[in-house]
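Numbering (the working numbering), first residue to last: 1 to 95.
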């Protein structure tokens, strides 16, 4: 990822172990093909892993097994891939 505020989570992490090690509570979600999330931002830092399919954040693709960290306040849009996407994510607690 070369987007300011959006960084790749180093490879090799199992999502639930990653979240547990950081004291984060995760939730899973899925959307259909080419679902678009207009530009927005979150008040808290988001950690996300793709468990099936792929999704782009500001045009950079995140594939199955990959993870990203989106810093609080980072403007971003997202688009699911042609086969949709399934993800698991967690937000850091406020400060």
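Cβ coordinates follow ideal geometry from the N, Cα and C atoms, glycine included.
Nearest to residue 82 by alpha carbon, out of 32, 49, 7?
32
Going by DSSP, what residue range makes up the alpha helix (DSSP H) through residue 15?
15 to 21
Using DSSP with H/G/I as helix, E/B as strand and the rest coil, what is residue 42?
coil
From residue 92 to residue 46, what distance separates their C-alpha atoms?
6 Å
Using three-state DSSP, classify residue 35 as helix, strand or coil.
coil
Residues bridged to residue 90 (per DSSP)
26, 47
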